[in-house]
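Report on one structure; see the data block that follows.
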Amino acid sequence: MMIKDLLSRFTRIILAALVCGVSMTSCTYVADNAVNHNDEADSQDQTERTIWVVSDIHAMAPELLNDQYKAEDATKDPKLLLYSTEILDKLVGDALTAKPDMMLITGDLTELGDQKSHELVANTLGKLVSEGIKVVVIPGNHDVDNADGSTSPQLFAELYKDLGFNMAYAKDQASLSYACEPFDGLVLLCLDTSTGSIGDTTMKWLLDETDKAHEQGKQVVVMQHHNVMEHYDGKSSLQKENVLVNYGDVADKMTKNGIHLVFSGHAHMPDIAQYREKLEAGVDSLVEVETGSLLTYPNGWRIIKVNGSFKKWNISTQYIKSIPSIADVRKVSYKLYQDALPDIMKNHIDAFWPVFDSYRYVLTDSNLPEEILPTNIEDFREWFMEGMGDQMCKGFLLHIAGNEEKNPEAAVLRTQFKEGMENMVRKRLVAYNVDEETTDMLMLFVGATYEVLFKPKVESLLTDTNQVAEEGLSSSTDDLNVVLNIGK
């Protein structure tokens, strides 16, 4: 095949990718910040309540910490599993001192879903209830019907009956979802997303309860484990396990039915993102406040001050800084996460393999050796990690800390991502003695491919935006300290 024929084929691919890119981003758009101004906060009611939002405790009963978990790097897991009970005790001790009005825990209360660990968590959190602090929990994917089968949904509800379930005035028959009204005028819809999706029956129940609450003039807030939207473009492919399987449909229905605020966890990072349905510009947006895990860097939780009308939510982020066994929790946790990231990144790279492999037909009849592109997922993973693994790990470390766009290193990484991809391809072309003219033409294609397929995702990740549509609007906001004004 002549060079001009190759160029023609690459051009068609780029055009197809552009069409694909437009179709992926045109379904939604976001406002210019994550604060809703659809309905100003009611200044007449000055009653303020304090709510703590915690996620992903991943507690393990001490007797379950066998040699596997005690061995250094045995699980390649960035969670501080060996210290989960100390960290939980620290959180509860701080809460007993601060005395918030309520604590919400958005799932993954345990690591293994075993009954012993659930009993430990329920008893420890019960100390807060005994002191008049409301506690509301929901299950995460680690909590029920796990491999050992020791905690069924029914047992989970029984163990945590004093931590939300006995407060329920309505329950979904198809899941552990329930509705409660912890304070007059605030309806909390506690969704069970432990399976990774929300079924049709549960979705109908959710919308029915939302309508009933709105008819009575009450504010509706949702808490669930999985993300209901992408917190950076491409998250549903690179980290598809973090978002609901049907996240787009759920976010759309929530937004159109007047739900404006969702608390979630699961992804182990503090991030705030926004969803707005493009075709319904008058519909108020949905804001998702994602809380990180206590056991992984940056080891934080949310402290919220909310006014009496439940319209103004002043959110700040606090951290577990020390426990008896670790003087500097965040330093140790950061190093653990840093060491685990290469293996985590390999999983993300594997998720991209089918897309990459689909480009192999470019080489058909081109007189270029097929081996120029890795021919299997193992080679692809090794090649990508060698060329861009370092940049990917640094980018995710910035992302999980929150407010990544405020870190000067983010701007440097945005340049390094493109350079890294070009260098890894050029190095492979040199290794296979591809002539200079063909190499130059191929590098033009690589640069264009980066601009179309990778740059939007890198920009979204490192500039802290989500769902950036063709209008150029973004949802960049302060992930750690922000005031949200939401409608009712």
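Just so we're aligned, residue 3 is where the sequence shown starts under our numbering, counting upward by one. Just so it is clear, CB atoms sit at the ideal spot from N, CA and C, and this is done for glycine as well.
Check for me: the beta strand (DSSP E) holding residue i runs from which residue to which?
| i | result |
| --- | --- |
| Thr319 | Lys314 to Tyr321 |
| Pro184 | Tyr180 to Phe185 |
| Gly302 | Gly302 to Asn309 |
| Lys136 | Lys136 to Val139 |
| Glu160 | Premise fails: Glu160 lies in the alpha helix (DSSP H), Pro155 to Leu161, not in any beta strand (DSSP E). |
| Thr479 | Here Thr479 belongs to no beta strand (DSSP E), and DSSP marks it neither H nor E. |
| Leu486 | Val484 to Asn487 |
| Lys173 | Ala170 to Lys173 |
| Ile53 | Glu50 to Val56 |
| Val146 | No beta strand (DSSP E) holds Val146; DSSP gives it neither H nor E. |
| Ser266 | Leu263 to Ser266 |
| Leu191 | Leu188 to Cys192 |
Alpha carbon to alpha carbon, what distance is there between residue j and residue i?
| i | j | result |
| --- | --- | --- |
| Ser324 | Tyr85 | 11 Å |
| Ala159 | Thr298 | 27 Å |
| Ala61 | Glu424 | 44 Å |
| Leu188 | Phe382 | 51 Å |
| Lys2 | Phe354 | Summary: the structure shown does not reach residue 2, with the chain confined to residues 3 through 490, and so no result is reported for it. |
| Phe398 | Arg430 | 26 Å |
| Met169 | His350 | 40 Å |
| Asp147 | Pro155 | 7 Å |
| Leu98 | Lys206 | 38 Å |
| Asn483 | Thr319 | 6 Å |
| Cys29 | Tyr277 | Bear in mind that the predicted position of Cys29 carries a pLDDT of just 31, short of 50, making it too unreliable to give a figure here. |
| Lys420 | Tyr452 | 7 Å |
| Pro102 | Arg51 | 8 Å |
| Leu415 | Lys396 | 8 Å |
| Gly310 | Asp352 | 48 Å |
| Leu93 | Ser57 | 12 Å |
| Gly115 | Leu157 | 11 Å |
| Ile5 | Thr417 | Its pLDDT being 48, under 50, Ile5 is placed unreliably by the model, and the measurement read from it follows with that caveat. Near 29 Å, if we compare the C-alpha coordinates of Thr417 and Ile5. |
| Thr440 | Leu370 | 9 Å |
| Lys136 | Ile328 | 29 Å |
| Leu161 | Glu121 | 7 Å |
| Pro64 | Thr87 | 8 Å |
| Ser335 | Gln218 | 46 Å |
| Gly294 | Thr377 | 37 Å |
| Ile306 | Lys129 | 21 Å |
| Val138 | Ile107 | 6 Å |
| Leu343 | Leu178 | 33 Å |
| Ala412 | Thr465 | 8 Å |
| Gly458 | Gln117 | At residue 458 the sequence reads Pro, which differs from the Gly that was named. Going from the Cα of Pro458 to the Cα of Gln117 covers about 44 Å. |
| Val32 | Ser287 | Unreliable placement is indicated for Val32, whose pLDDT of 32 sits below 50; the coordinate value is still reported in the next sentence. Distance between the alpha carbons of Val32 and Ser287: 8 Å. |
| Asp480 | Met445 | 37 Å |
| Leu400 | Met443 | 34 Å |
| Asn259 | Leu486 | 19 Å |
| Glu380 | Tyr339 | 23 Å |
| Val460 | Thr49 | 43 Å |
| Tyr361 | Gly95 | 55 Å |
| Leu190 | Arg428 | 54 Å |
| Ile274 | Arg304 | 12 Å |
If I'm right that residue i touches residue j with Cβ under 8 Å, what's the distance once you round it to whole angstroms?
| i | j | result |
| --- | --- | --- |
| Val289 | His270 | Going by Cβ atoms, the distance from Val289 to His270 rounds to 20 Å, so no, they are not a contact pair. |
| Met231 | Asn468 | 7 Å |
| Ala403 | Pro300 | 5 Å |
| Leu82 | Ile59 | That pair is no contact at about 11 Å. |
| Asp164 | Val123 | Contact doesn't hold; Cβ gap of about 12 Å is too wide. |
| Met104 | Ile53 | 5 Å |
| Phe265 | Val55 | 5 Å |
| Gly109 | His268 | 7 Å |
| Asn248 | Glu292 | Contact doesn't hold; Cβ gap of about 18 Å is too wide. |
| Tyr434 | Ile374 | 5 Å |
| Gly389 | Gly422 | 6 Å |
| Asn143 | His227 | 7 Å |
For the alpha helix (DSSP H) holding residue i, just list the boundary residues, first then last.
| i | result |
| --- | --- |
| Glu292 | Here Glu292 belongs to no alpha helix (DSSP H); instead the beta strand (DSSP E) covers Leu288 to Glu292. |
| Asn349 | Val331 to Asp359 |
| Met394 | Ile379 to Ala403 |
| Ala215 | Asp202 to Glu217 |
So is the beta-carbon of residue i under 6 Å away from any non-hydrogen atom of the ligand NAP?
| i | result |
| --- | --- |
| Lys136 | The model depicted lacks the ligand NAP and carries no ligand whatsoever. |
*Would you say the segment 232-243 touches the segment 186-196, given that touching needs at least three Cβ pairs under 8 Å?*
no
_Whole runs of the beta strand (DSSP E) within the segment 221-248, excluding any shorter than 3 residues_ = 221-225
*Evaluate the contact criterion for the segment 307-317 versus the segment 221-236: three or more CB pairs, one atom per stretch, below 8 Å.*
yes
*Considering only residues of the segment 433-459, which uninterrupted alpha helix (DSSP H) runs meet the minimum length of 4 residues and lie entirely inside it, listed in chain order?*
438-451
*Every unbroken beta strand (DSSP E) inside the segment 64-128 [3 residues or more]*: 104-107
_Any contact between the segment 173-187 and the segment 241-253? By contact I mean 3 or more CB pairs, one from each, below 8 Å._
no
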